[in-house]
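Residue numbers (my numbering): 21 to 311. Inspection log for the structure reproduced underneath, given as structure tokens.
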Ligand code: NAD
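Shown next as structure tokens:
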């Protein structure tokens with residue numbers, strides 16, 4: 021069994037970006053600028069946004085964090101996004117999800133200009149991705165592809181089972197894995213909450229991407245010997261032995277599944293860091309496209 025070490029692979033990507041950004045700065049060119057919007061004080065969202073801002077500093081990007089109270093009016097939030105859309109210094113805009121209930125995710129996502137949509141959630145980018153056109157690819161699935169590429173995991177002709185059909189993870193990763201590319205060229209099945217034979221489907225898979233958001237739902241009896249297992253899940257479960265009061269659990273029962281795998285991602289330290297590295301790559305490309 022070998023570990024798909026997301027921390028290491030993400031560091032390699034960030035190191036490359038750091039050099040490229042420094043080179044741009046030396047040439048007097050603009051450095052990438054990511055603007056992040058955080059509404060409310062959700063603990064997990066705070067952590068994710070802080071990691072993204074920190075990664076920007078590491079690679080030499082400029083970042084702006086706009087924080088708003090949970091009670092912000094939808095119109096005000098949309099106005100703030102429009103301002104960023106028109107700000108020529110801003111290359112990428114991300115709005116940390118989830119948003120408070122009175123604000124529709126879809127409306128907010130559609131307000132971000134597709135050319136600054138470094139999270140790749142805008143319908144224009146989703147449509148381009150489906151058609152194989154250049155697009156901002158959502159950071160988590162993009163990060164998974166970068167991880168497979170980094171470790172040269174063979175995907176061509178393999179059977180991949182994706183658990184989860186969200187626009188953020190399940191659907192885009194199923195498109196990327198099935199696309200005519202390397203990594204890619206998989207035969208893909210998407211499973212979801214209504215799938216009847218999840219265990220059988222998983223057991224026949226060469227590659228499993230688990231993103232149901234249900235801790236340890238993938239157990240050893242669902243995984244065949246030699247499978248590649250990508251665990252996207254991050255759920256905070258209470259743990260009184262931790263200072264924070266919680267620990268992170270993946271969607272895969274790591275202890276029992278790992279010994280059967282050819283490759284597996286740990287949680288934490290797998291897909292999480294790759295998501296941030298992919299976001300940095302998207303922001304860098306956005307800057308290149310515009311400047
Ligand atoms: P989501 O809730 O939007 O989607 C979950 C999907 O799983 C749904 O499509 C649902 O149909 C399916 N599902 C739920 N229970 C199932 C079951 N028992 N069997 C089969 N399918 C089932 O979640 P999401 O936004 O796609 O995120 C999924 C997980 O990935 C969460 O734990 C989330 O925290 C994590 N995540 C991690 C990263 C990262 O950077 N590592 C990024 C995004 C999401």
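Glycine included, C-beta positions come from ideal geometry on N, C-alpha and C. Nothing here was measured: the structure is a model prediction, and the numbers come from that model.
- Screening all residues for a C-beta within a distance smaller than 6 Å of any heavy atom in the ligand NAD leaves 160, 183, 184, 185, 186, 188, 189, 190, 211, 212, 213, 215, 218, 231, 232, 233, 234, 237, 252, 253, 254, 255, 291, 292 and 295, in chain order.
- Residue pairing by DSSP puts residue 268 in a beta bridge opposite 256.
- Counting along the chain, the unbroken alpha helix (DSSP H) around residue 41 starts and ends at 26 to 46.
- Annotated three-state conformation of residue 207 is strand, per DSSP.
- Looking at the DSSP output, residue 83 sits in a beta bridge with 54.
- Within the DSSP secondary-structure output, residue 230 pairs in a beta bridge with 183 and 251.
- A distance of 8 Å or more separates the beta carbons of residue 277 and residue 254.
- In this structure, 101 is the residue among 23, 152, 81 and 101 with its C-alpha nearest to the C-alpha of residue 131.
- Shown here, residue 101 sits in a helix according to DSSP, grouped into three states.
- Going by DSSP, residue 117 is part of no alpha helix (DSSP H) at all; its letter is neither H nor E.
- Contact check for residue 136 and residue 187: beta-carbon distance about 18 Å, past the 8 Å limit, so the pair fails to qualify.
- Nearest C-alpha to residue 304 among 81, 147, 21 and 257: 81.
- Taking the Cα positions, residue 242 is about 12 Å away from residue 281.
- In its chain, beyond the 5 residues on either side, 141 and 142 have a beta carbon closer than 7 Å to the beta carbon of residue 129.
- For residue 92, the secondary structure class from DSSP, reduced to helix, strand or coil, is coil.
- Straight-line measurement puts the Cα of residue 48 at about 46 Å from the Cα of residue 207.
- One Cα belongs to residue 294, the other to residue 27, and the distance between them is close to 7 Å.
- In the structure shown, the three-state DSSP call for residue 194 is helix.
- Rounded to whole angstroms, the separation of the alpha carbons of residue 247 and residue 22 is 11 Å.
- Exclusion of the five residues before and after residue 178 leaves 206, 226 and 227 as the residues of its chain whose Cβ lies within less than 6 Å of its Cβ.
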